[in-house]
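Note sheet for the following structure.
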Amino acid sequence: MVSAWVAGMSVAFSNAMVSVVLPVQYVPEMTIRFMMFWIGYWLRGTGYASLVTGYA
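Residue numbering for the sequence shown follows this note's numbering, beginning at 44 and increasing consecutively.
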């Protein structure tokens, strides 16, 4: 349960770092990645919420 949450946070953090580290000339791609990151983060959050309640 905790390891799943940690894995989700690690993926979300690495996605955020990739978006931040990308060069400035790729601003449109950064915007798309940022949107995808937050959509994935929201989906991951709801998925882990149901995962936690399933195990609890």
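Where is the CB? At the ideal position from N, CA and C, for every residue including glycine. Computed from a predicted model, the values in this text were never measured in an experiment.
**Asked** If you draw a straight line from the alpha carbon of T74 to that of G51, how long is it in whole angstroms?
**Response** 21 Å
**Asked** Does L86 come within less than 8 Å of chain B when only Cβ atoms are used?
**Response** No chain B appears in the structure shown, which is made up of a single protein chain.
**Prompt:** Using a Cβ-Cβ cut-off of 6 Å (strictly less than) and excluding sequence neighbours within five positions of R87, which residues of its own chain qualify?
**Reply:** G51
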